[in-house]
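A.B. asks: Below: one structure in structure tokens.
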């Protein structure tokens, strides 16, 4: 950008007055300058006839009309503000017009300005209020015949509505006992054929450790370790059982999995299911919680998980417990209840059924095994596993001693198969070999020969892994 100042505007020459008279000379001897030629006026010919033809003369207006029109034009021009030009800087500026003040209308004036029909007492103020709409509707119903008919119909509807509302406020019936609900559930299941879900399949146990033959020194060490663990389990209460606070001992050995059986207990007042026994069997890790077992048992029994109660040895256990925590070694039988059944049994302990005789047999077998293990004799090496097969249940493997009676083994098999309720009595005794006498009831058969219930299993000359058939079921 250039820093040079802008050029000044050139001054305009002022016009001078030109005179035709020559100036007076100071002396007659001075020479005179040539004078400019004067301007001659130019004449323009205007045709007046053509200009007059552009205007029309109104002959209907007289002098008075023209005077009125002139006055109106002057008044209009006087009202218009005069423009201020730059040339007339010295002239006084016209005063600005004052602002018009708003007229204040009083309430009395507004009332006076309203029409007369708004001041009458019969006028109705229409608004969106529900109460005023109701007033209008009532006025219409009172004045028109159709409105009266509609009012009568609405009145009858209100009366019917009041009667219905009163009929719904009847005192509720008394609460039914829990046994009635349980009976209704069982009846619906029987009518619609709702059968409980089959228990989860259990895989074959890992018998790899049982087939290993240890040296005599290692066998003695293994037996002593097992005896120590059993002593700890019997002397220390388990963790996870309701009411137990002492910590669980440290397990130095034991099986990795355990077989858990849940025996479902029905309501004592439900006569239709007395004597019926349903057992749900699960195979799980000893360190896993019972949460999944609770869910599957509730689903199979058809009850809610929150209403399911499971006990072990008369004490309630919870889903957060585990087989290892409650002191289960390799297998255990739990009891499952519905909440209503559990509360009823606790309130009426005398009506609870007596324990099965099979439990006494199991206690006898367990006592014999503990006594023999505590003695530390070599009879543990004589234990053998036998496979018992029948036509109504899957093959079951039992660990027995040579001195165990056949009747005790048969009762253990019936309990494992869930058939102890159907055959509570001991099998009928027969002759020496049972071929000539007809017998009824379950019995053990080896190579076609029935075994005597009072004889020991060693009389059959069996070995580890042999097959024993159970007949008479």
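Residue numbers (full-length UniProt numbering): 1 to 473. Think of the CB as a built atom: it goes at the ideal place given N, C-alpha and C, for glycine as much as any other residue.
Among 223, 153, 276 and 13, which residue has its Cα nearest to the Cα of residue 383?
C.D. replies: The shortest C-alpha separation from residue 383 is found at 223.
A.B. asks: If you check the beta carbons only, do residue 310 and residue 294 fall under 8 Å apart?
C.D. replies: Yes, the pair counts as a contact, with Cβ atoms nearer than the cut-off.
A.B. asks: Is residue 355 helix, strand or coil when you go by DSSP?
C.D. replies: Caution is warranted here: a pLDDT of 44 is assigned to residue 355, below 50, making its placement in the model unreliable, and the coordinate value is therefore given only provisionally. Here residue 355 sits in coil by DSSP.
A.B. asks: Would you report the Cα separation of residue 385 and residue 266, rounded to the nearest angstrom?
C.D. replies: Each residue's alpha carbon lies about 34 Å from the other.
A.B. asks: May I have the straight-line CA-CA distance separating residue 387 from residue 173, to the nearest angstrom?
C.D. replies: Computed Cα separation, rounded: 58 Å.
A.B. asks: How many Å lie between residue 213 and residue 348 at the Cα?
C.D. replies: Residue 213 and residue 348: Cα-Cα distance of roughly 53 Å.
A.B. asks: Just reading off the alpha helix (DSSP H) that residue 192 is part of, what are its end residues?
C.D. replies: Its alpha helix (DSSP H) spans residues 178-192.
A.B. asks: On a CA-only basis, which of 403, 336, 154 and 12 is nearest residue 307? Give me that one, please.
C.D. replies: Of the listed residues, the one whose Cα sits closest to residue 307 is 336.
A.B. asks: Which runs of the beta strand (DSSP E) fall wholly inside the stretch 323-350 and span at least 3 residues, in chain order?
C.D. replies: 331-338, all fully within the stretch 323-350.
A.B. asks: Name the two residues that bound the continuous beta strand (DSSP E) containing residue 264.
C.D. replies: Where residue 264 is concerned, the enclosing beta strand (DSSP E) stretches over 257-264.
A.B. asks: Do residue 473 and residue 392 have their C-beta atoms within less than 8 Å of each other?
C.D. replies: Taking 8 Å as the Cβ cut-off, residue 473 and residue 392 qualify as a contacting pair.
A.B. asks: Around the C-beta of residue 485, are 16 or more other C-beta atoms found within 10 angstroms, so that it is buried, or is it exposed?
C.D. replies: Any answer about residue 485 is impossible in this case: the structure gives the chain only from 1 up to 473.
A.B. asks: Would you report the Cα separation of residue 182 and residue 324, rounded to the nearest angstrom?
C.D. replies: C-alpha separation (whole angstroms): 34 Å.
A.B. asks: Given that a residue counts as buried once 16 or more other Cβ atoms are within 10 Å of its Cβ, and exposed if not, what is residue 314?
C.D. replies: Result: exposed.
A.B. asks: Could you give the DSSP three-state label for residue 282: helix, strand or coil?
C.D. replies: Reduced to three states, the DSSP call for residue 282 is strand.
A.B. asks: If you run the structure through DSSP and keep just helix, strand and coil, what is residue 499?
C.D. replies: In the structure as shown, the chain starts at 1 and stops at 473, and residue 499 therefore has no counterpart that could be examined.
A.B. asks: Given that a residue counts as buried once 16 or more other Cβ atoms are within 10 Å of its Cβ, and exposed if not, what is residue 274?
C.D. replies: The residue in question, residue 274, is exposed, as its Cβ has fewer than 16 Cβ neighbours within 10 Å.
A.B. asks: Assuming the contact rule is C-beta atoms closer than 8 Å, residue 300 and residue 280 should be a hit. Round their C-beta distance to whole Å, please.
C.D. replies: About 6 Å; that satisfies the 8 Å criterion.
A.B. asks: According to DSSP, which residues form a beta bridge with residue 385?
C.D. replies: Answer is 399, bridged to residue 385.
A.B. asks: Going by the beta-carbon positions, is the gap between residue 257 and residue 291 smaller than 8 Å?
C.D. replies: No. Outside cutoff.
A.B. asks: Cβ atoms of residue 302 and residue 189: under 8 Å apart, would you say?
C.D. replies: Against a cut-off of 8 Å, the Cβ pair of residue 302 and residue 189 comes out as a contact.
A.B. asks: May I ask you to verify whether the stretch 438-452 touches the stretch 404-414, counting CB pairs closer than 8 Å and requiring at least 3?
C.D. replies: Flag = yes, the stretch 438-452 and the stretch 404-414 touch.
A.B. asks: Only counting the same chain, and skipping five residues up and downstream in sequence, which positions put a Cβ closer than 7 Å to that of residue 457?
C.D. replies: For residue 457, where only same-chain residues beyond five positions count, the Cβ hits under 7 Å are 400, 402, 404, 406 and 409.
A.B. asks: If you follow the beta strand (DSSP E) that residue 65 is part of, which residue opens it and which one closes it?
C.D. replies: Element bounds for residue 65: not the beta strand (DSSP E) but the alpha helix (DSSP H), 63-79.
A.B. asks: Assign residue 419 to one of three DSSP states: helix, strand, or coil.
C.D. replies: Here residue 419 sits in coil by DSSP.
A.B. asks: For the putative contact between residue 259 and residue 330, defined by C-beta atoms under 8 Å, what is the C-beta separation to the nearest angstrom?
C.D. replies: Indeed they touch by this definition, with Cβ atoms about 7 Å apart.
A.B. asks: Compute the Euclidean distance between the alpha carbons of residue 252 and residue 227, then round it to the nearest angstrom.
C.D. replies: Because residue 252 carries a pLDDT of 43, less than 50, the predicted location of this residue cannot be relied on, and the following value inherits that uncertainty. Rounded to whole angstroms, residue 252 to residue 227 spans 12 Å at the Cα level.
A.B. asks: Which term fits residue 68, buried or exposed, when burial requires 16 or more other beta carbons within 10 angstroms of its beta carbon?
C.D. replies: Residue 68 should be labelled exposed.
A.B. asks: Mind checking residue 11: buried by the 16 CB within 10 Å criterion, or exposed?
C.D. replies: The residue in question, residue 11, is exposed, as its Cβ has fewer than 16 Cβ neighbours within 10 Å.
A.B. asks: Please specify which runs of the beta strand (DSSP E), each continuous and at least 3 residues long, are wholly inside the stretch 283-314, giving them in chain order.
C.D. replies: Counting only runs of 3 or more, we get 308-312.
A.B. asks: By a C-beta neighbour count over all protein chains shown, 10 Å radius and 16 as the cutoff for buried, is residue 322 buried or exposed?
C.D. replies: Buried, by the Cβ-count rule.
A.B. asks: Return the chain-ordered list of same chain residues with a C-beta closer than 8 Å to the C-beta of residue 289, the five sequence neighbours on each side being excluded.
C.D. replies: Cβ neighbours of residue 289 beyond the five flanking positions: 319, 320, 321 and 322.
A.B. asks: From 447, 179 and 333, pick the residue whose C-alpha is nearest to that of residue 271; which is it?
C.D. replies: Residue 179 is the option with its Cα nearest to residue 271.
A.B. asks: Helix, strand or coil for residue 134 per DSSP?
C.D. replies: Three-state DSSP puts residue 134 in a helix.
A.B. asks: How big is the Cα-Cα spacing for residue 312 and residue 338?
C.D. replies: Each residue's alpha carbon lies about 15 Å from the other.
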